[in-house]
Amino acid sequence: MTTYNTLQQLMNSFQHCLFFNLSDKEWKLPNGIARLLDVDDSGCCWFLFHISVDDTGLYETESPARIRLYEKGRDCYVEANGKAEILRDPIEWTRCNKISYGMAKALRYHGLIVRF
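The opening position of the sequence shown corresponds to residue 25 in our numbering, with each subsequent residue numbered one higher.
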């Protein structure tokens, strides 16, 4: 259990992530840089993408992905493979401790939440 807590703390110390969508579908979330919101106790990483919400209805909901948590000037990074899930419902966002009610209201129009 201690090893997981140490990894969780290390991952939470990063602010940004390179996101690589490994899906072969035509309408997939594009590769890019996301902001790490939180790594929760269940092992899920929560990311914020600054993407026009109008376009997100076209993207597939779940896809295989790779992330690389990094920060300029640090000599380490964390890389992981898993399943990325686009969360469109603000009620689902409440499971992330770092998303407040006000933030959830704003994100409905100006951002995209992805759970990895």
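We put the beta carbon where it would ideally sit given N, CA and C, even for glycine.
Through-space distance from residue j to residue i, alpha-carbon basis
i      : j      : result
Met25  : Gln32  : Unreliable positioning characterises Met25 in this predicted model, as indicated by a pLDDT of 45, which lies under 50. A coordinate reading is not provided.
Glu86  : Arg98  : 31 Å
His40  : Thr118 : 21 Å
Arg92  : Leu42  : 5 Å
Pro88  : Cys69  : 14 Å
Leu72  : Leu61  : 7 Å
Asn121 : Arg112 : 17 Å
Distance between beta carbons of residue j and residue i, contact taken as under 8 Å
i      : j      : result
Tyr83  : Lys107 : No, Tyr83 and Lys107 are not in contact; Cβ-Cβ is about 14 Å, not under 8 Å.
Glu109 : Val63  : About 15 Å separates the two Cβ atoms, so there is no contact after all.
Ile75  : Leu136 : 5 Å
For residue i, the three-state DSSP class (helix, strand or coil)
i      : result
Ile115 : helix
Asn45  : strand
Gly97  : coil
His134 : helix
Gly56  : strand
Cross-strand partners of residue i (DSSP beta bridge)
i      : result
Ala104 : Ile91
Trp51  : In DSSP, Trp51 forms no bridge with anything.
His74  : Looking at the DSSP assignment, His74 forms no beta bridge with any residue, so it has no partner.
Cys69  : Val63
Ile110 : Val138
Glu86  : Glu109
Cβ of residue i within 8 Å of any chain B Cβ
i     : result
Leu53 : Of the protein chains in this structure there is only one, and it is not chain B.
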